[in-house]
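Be aware that the sequence shown starts at 1, since it is given in the UniProt record's numbering, and climbs by one per residue.
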Amino acid sequence: MRIFDPHIHMTSRTTDDYEAMYAAGVRAVVEPSFWLGQPRTSPASFYDYFDSLLGWEPFRAAQHGIAHHCTLALNPKEANDPRCAPVLDELPRYLVKDGVVAVGEIGYDSMTPAEDTALAAQLRLAADHGLPALVHTPHRDKLAGLRRTLDVVKESALPMDRVLVDHLNETTVKEAKDSGCWLGFSVYPDTKMDEERMVAILREYGTARVLVNSAADWGRSDPLKTRKVGDLMRAEGFTEDDVDQVLWRNPVAFYGLSGRLDLDLDSAETEATATHEGNSILRGGGAPAAAPTER
1 MRIFDPHIHM TSRTTDDYEA MYAAGVRAVV EPSFWLGQPR TSPASFYDYF DSLLGWEPFR
61 AAQHGIAHHC TLALNPKEAN DPRCAPVLDE LPRYLVKDGV VAVGEIGYDS MTPAEDTALA
121 AQLRLAADHG LPALVHTPHR DKLAGLRRTL DVVKESALPM DRVLVDHLNE TTVKEAKDSG
181 CWLGFSVYPD TKMDEERMVA ILREYGTARV LVNSAADWGR SDPLKTRKVG DLMRAEGFTE
241 DDVDQVLWRN PVAFYGLSGR LDLDLDSAET EATATHEGNS ILRGGGAPAA APTER
């Protein structure tokens, strides 16, 4: 089983997670920029974070045989902080980078006027840069948030079929599907979706344009949820082709819209002794770990 996790926050995860993900079949990830839990007090902190998503994390992932790309944006929660607003003016210089495959996460948290402004501005940036967009739907009032999101997308220059609407559930999937957007589902241990609900949605709505992610971050989450969905799909009678479509071909197709997706790890530096700006993933002067092998 080959797996592409299209939404995971590896900045919040350990090197052990990369090892476990590789063993489970994960060969590619997209890491969207997001709220780190602690409010940022200046735009400069965003720029250091963006640089890490373009440098250190792809290096760390490649050490474990995983291709890493990112999406960049001013996230919905921090769009409400006027100290962070200048990030919108600086985003264009980051959106031209090769490792950026979408603008995101954008969308709504509390559905405020400031979030309206940030969403519209970043949809315009996506259109201007030929990138798709990853849209975060709010954790509260999800159906109202989805409808407001779709209204703003319809008013933008970005076609609906270049938008991935994420964090969907049973209350929002039908309207999202009818809109022509791509459909994203986050599978969590306690909140959002679980494996059983996800498989039920796949049975009802089909596998076309559906992306399943772990959205694993600093909270209680599980970077192996994609694999667990695949295992349950098999157990429930879905074909290997169905599993491959949901867990690999769909995310490849969506992020491939950027023209920047590179899944050839042979071109990346994957030697365990390699460094990134003088730093390696090794600690304590021990021997390098064996390079990952196919299982």
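By construction, the Cβ of each residue, glycine as well, lies at the ideal position given by its N, Cα and C atoms.
- Ranked by Cα distance from D81, the options K174, W35, K225 are led by W35.
- When DSSP states are grouped into helix, strand and coil, K192 belongs to the strand group.
- Distance from the CA atom of E240 to the CA atom of R234, rounded to whole angstroms, is 7 Å.
- The alpha-carbon of L123 is positioned some 16 Å away from that of R147.
- Cβ-Cβ distances below 6 Å link A114 to A79, N80 in the same chain, with the five nearest sequence neighbours on each side left out; the list follows chain order.
- Look at R27 here: in three-state DSSP terms it is strand.
- With 16 or more neighbouring CB atoms inside 10 Å of its own CB, A215 falls in the buried class.
- In terms of Cβ geometry, I106 and A73 form a close pair [threshold 7 Å].
- By DSSP's assignment, V153 forms no beta bridge with any residue.
- As the crow flies, the alpha-carbon of D16 is around 44 Å from that of E155.
- Taking 7 Å as the cut-off, the Cβ atoms of T172 and K192 do not count as close.
- The closest CA to that of D190, considering only A118, S221, D89, is found on S221.
- If the five residues before and after S52 are omitted, its C-beta is found closer than 8 Å to the C-beta atoms of T11, all from its own chain and listed in chain order.
- C181 sits in coil when the DSSP states are folded into three classes, being neither helix nor strand.
- Taking D264 as reference, the option from N250, D48, P58 with the minimal CA-CA separation is P58.
- Non-local beta-carbon contacts of W248 in its own chain, meaning distances under 7 Å to residues more than five positions away in sequence, involve R2, I3, F4 in chain order.
- With fewer than 16 other Cβ atoms from the protein chains shown falling within 10 Å of its own Cβ, R93 counts as exposed.
- In the structure shown, the three-state DSSP call for G107 is strand.
- From the listed residues D98, A253, R227, T14, the smallest Cα separation to R162 is found for A253.
- Burial is judged here by how many other beta carbons sit within 10 angstroms of a residue's own beta carbon; D98 has fewer than 16 and is exposed.
- Counting of Cβ neighbours within 10 angstroms places H139 among the exposed residues, the total staying below 16.
- Residue H69 holds the alpha-carbon nearest to the alpha-carbon of F50 among H69, F185, A61, H64.
- Secondary structure at S186: strand, using DSSP grouped into helix, strand and coil.
- Between R27 and G65 a beta carbon distance of about 7 Å is seen, short of the 8 Å cut, so the two are scored as contacting.
- Unbroken beta strand (DSSP E) stretches of 3 residues or longer found wholly inside the region 2–62: 3–5, 26–32, given in chain order.
- Between Y47 and P76, the gap from beta carbon to beta carbon reaches 7 Å or more.
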